Amino acid sequence: MTNAALYSAPVEEMPKMGIEPEVAYQIVKDETYPQTQPKLNLATFVTTYMDDYATKLMNEAVNVNYIDQTEYPRVAVMCGRCINIIANLWNTPEKSEWKAGAVGIGSSEACMLGGVAALLRWKAKCKAEGKSCSKPNLVTSTAFQVVWEKFCQLWDVEMRTVPISLEHPTLCAEEAIKMCDQNTICIVPVVGVTWTGLNDDVEELDKQLDKFNAKTGYNIPIHVDAASGGFILPFIKPEYKWDFRLKWVWSISTSGHKYGLVYPGLGWVVWRDKKYLPEQMAFSVNYLGANITQVGLNFSRPAAQILGQYYNFIRYGFEGYKQVQSASMDIAKYCHEKIGKMKCFTNYSNSVDNPLFIWYMDKEYDKTAKWTLYDLQAALQQSGWMVPAYTMPKSMEDMVVMRVVVRQGMTKDMADMLLGDIENAVKEFEKLKYPTASRLTYEKREKQFGKVFTH
Ligand SMILES: Cc1ncc(COP(=O)(O)O)c(C=O)c1O
1 MTNAALYSAP VEEMPKMGIE PEVAYQIVKD ETYPQTQPKL NLATFVTTYM
51 DDYATKLMNE AVNVNYIDQT EYPRVAVMCG RCINIIANLW NTPEKSEWKA
101 GAVGIGSSEA CMLGGVAALL RWKAKCKAEG KSCSKPNLVT STAFQVVWEK
151 FCQLWDVEMR TVPISLEHPT LCAEEAIKMC DQNTICIVPV VGVTWTGLND
201 DVEELDKQLD KFNAKTGYNI PIHVDAASGG FILPFIKPEY KWDFRLKWVW
251 SISTSGHKYG LVYPGLGWVV WRDKKYLPEQ MAFSVNYLGA NITQVGLNFS
301 RPAAQILGQY YNFIRYGFEG YKQVQSASMD IAKYCHEKIG KMKCFTNYSN
351 SVDNPLFIWY MDKEYDKTAK WTLYDLQAAL QQSGWMVPAY TMPKSMEDMV
401 VMRVVVRQGM TKDMADMLLG DIENAVKEFE KLKYPTASRL TYEKREKQFG
451 KVFTH
């Protein structure tokens, strides 16, 4: 019998002999105990709650590989249905039975696919016009998610970024257009900006781009990164135009594992029509009783997430999704209002566009404070919460903010507990006679480099 208490977990090499499964289980399980409880992790956008039937369904499919479509053809059919449902949520004009789209492991893969399609379309256009295919570029704001940096580096695309600021907290359409030229493969606005929770104004961008394209003949399209907003706006603000109702929106990506309400490992990308999906990226299978187009960077991938997504569509329906998203919005707005009323904080924006928001230390309060938002993050961690403090992206990198992401499973009661914990932490900070270490670092930097955290 292995004495579990004396067992050292392997770090470098595989142990020579195995041990009993229950002991191995416990060793691995014990490693996870000091981690944040997923429900209290307000840093993540990713689903931390699904109901028992969803969990059962996904667990039962844990050994199914999505790519084995001959063996599991119904999974592929359900995947196609999910793409259809999502395309229709985003007001696709495509009339064919199976809409042009793809499943990804997350928004990152979905964004990459949208980006690659834009790059290949641009290359085809250059070739057709007899122009050189070098130096493609992509335009977005400085508040891009890191996947766009990865895309640009991996595919050798120049990244052009429009700075965001307190005056222009989202992508400025006019400035974005100024950065475009004949080598621009697409503009990427974000609905549900990772850093702020706000929405870039896609409608305004589309309007200005339409004029620009008419004048130049460049036909630059828009890929909307709707990692969070893609499953919020259709339910919360259906009248708000950001999707395929806009002429130049040729592709949209989202995370099924964020507000699509599925556990981690799921993203979606949809094209306006098959003609915007380059043939080199697609292969068709015809053994499913229909022609289903398949696109992806990965080959093998879990089928369970697709089943979870399709289950959620059936289980919640449109009204159910609306209810879940409205509850998250209401709780985010409730926290936003309470935080905004605390004298030590200022909300970044008056509006809450998606169920997340950020705030910073009030400018006046900051002058005499003996603590920083990093201290607050650490204090909240002691009660189990993960509420991240971070510096804003390039162009606002001197500003430290804190963010709360509200997801299904966060109740009003939990919000009150969090707000209570924030208030208590602030009360304790206000009793401090001396500045905290993080405050001292901040002041040292301020002395050295001038004002560090601008507001
Ligand atoms: C706007 C945006 N795009 C892309 C991503 C990447 O998403 P994923 O983690 O699903 O790959 C995120 C993740 O937070 C995001 O917020």
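Be aware that the sequence shown starts at 1, since it is given in our numbering, and climbs by one per residue. Where is the CB? At the ideal position from N, CA and C, for every residue including glycine. Since the model is a prediction, treat every value here as computed from it, not as a measurement.
Residue i - DSSP class collapsed to helix/strand/coil
i    : result
C79  : helix
Y434 : coil
L246 : coil
W148 : helix
S351 : coil
N65  : strand
V188 : coil
F345 : strand
R407 : coil
E443 : helix
N199 : strand
A102 : strand
T454 : The predicted model places T454 with a pLDDT of 39, which falls under 50 and marks its position as unreliable, so this point remains unresolved.
L138 : strand
D413 : helix
I491 : Here the chain has residues from 1 to 455 only, and residue 491 is not among them.
T368 : helix
Residue from the options with nearest C-alpha to residue i
i    : options                   : result
E430 : N88, P393 and T372        : T372
V308 : G101, L376, L246 and K56  : Going by the sequence as given, residue 308 is Gly instead of Val. Per the Cα distances, K56.
A100 : M414, G114 and S107       : G114
C180 : T161, V193 and S165       : T161
R407 : A4, L40 and M14           : L40
Y49  : Y33, N312, L440 and Y365  : N312
L419 : E12, T44, E31 and V404    : V404
L166 : T441, M396 and N424       : M396
H257 : Q26, T36 and V46          : V46
D200 : S228, K215, T92 and D156  : S228
D398 : A327, I164, K275 and M410 : I164
E20  : P34, S8, N3 and Q35       : N3
V75  : T411, M414, Y316 and P302 : P302
W248 : V77, V269 and N213        : N213
D413 : A143, C335 and P278       : C335
K341 : A327, Q325, K95 and W359  : W359
Y310 : D273, W271 and Y263       : Y263
Y53  : R315, A379, A369 and Q325 : R315
I355 : T36, G217, G104 and Y259  : The sequence as given places Pro at residue 355; Ile does not occur at that position. Ranking the options by Cα distance to P355, first place goes to Y259.
M410 : N59, I331 and Y321        : I331
G104 : E364, I306 and I232       : I306
V202 : E71, A226 and G384        : A226
Limits of the alpha helix (DSSP H) - the one that residue i falls within
i    : result
L356 : Premise fails: L356 lies in the beta strand (DSSP E), L356 to M361, not in any alpha helix (DSSP H).
E158 : That residue, E158, is in no alpha helix (DSSP H); its beta strand (DSSP E) goes E158 to V162.
L459 : One cannot answer for residue 459 here, as it falls past the ends of the chain, which runs 1 to 455.
A117 : S107 to A128
N59  : D52 to E60
K178 : A173 to K178
Start and end residues, beta strand (DSSP E) containing residue i
i    : result
G260 : Looking at the DSSP string, G260 is not in any beta strand (DSSP E), and its letter there is neither H nor E.
W271 : G267 to W271
I236 : Premise fails: I236 lies in the alpha helix (DSSP H), L233 to I236, not in any beta strand (DSSP E).
Ligand 2 heavy atom lying under 7 Å from the CB of residue i
i    : result
Q153 : Ligands displayed in this structure: ligand 1; ligand 2 is not among them.
Notebook entry, point to check: Any contact of the region 61-80 with the region 231-251, i.e. 3+ C-beta pairs under 8 Å?
Noted result: no
Note to self: At 3 residues or longer, what runs of the beta strand (DSSP E) sit wholly inside the region 371-401?
What the structure shows: 389-391
Notebook entry, point to check: Is the region 206-218 close to the region 161-172, with three or more CB pairs under 8 Å?
Noted result: no
Note to self: List, from N- to C-terminal side, the beta strand (DSSP E) runs of 3 residues or more that fit wholly inside the region 284-340.
What the structure shows: Within the region 284-340, the complete beta strand (DSSP E) runs of at least 3 residues fall at 292-294.
Check: Within the chosen definition, does the region 216-236 reach the region 181-192 through at least 3 CB pairs nearer than 8 Å?
Finding: yes
Item checked: Contact the region 117-127 vs the region 75-94: 3+ CB pairs below 8 Å -> no
Notebook entry, point to check: Which ranges does the beta strand (DSSP E) cover as unbroken runs of at least 3 residues, wholly within the region 5-44, from first to last along the chain?
Noted result: none
Checklist line | the region 188-196 touching the region 341-355, judged by at least three CB pairs closer than 8 Å | finding: yes
Note to self: Tell me whether the region 101-113 and the region 125-138 touch, counting them as touching only if at least three CB pairs, one residue from each stretch, are closer than 8 Å.
What the structure shows: no
Margin query: With three or more beta-carbon pairs closer than 8 Å as the criterion, would you say the region 5-23 touches the region 373-380?
Written below: Here the region 5-23 makes no contact with the region 373-380; the two share fewer than three CB pairs at distances below 8 Å.
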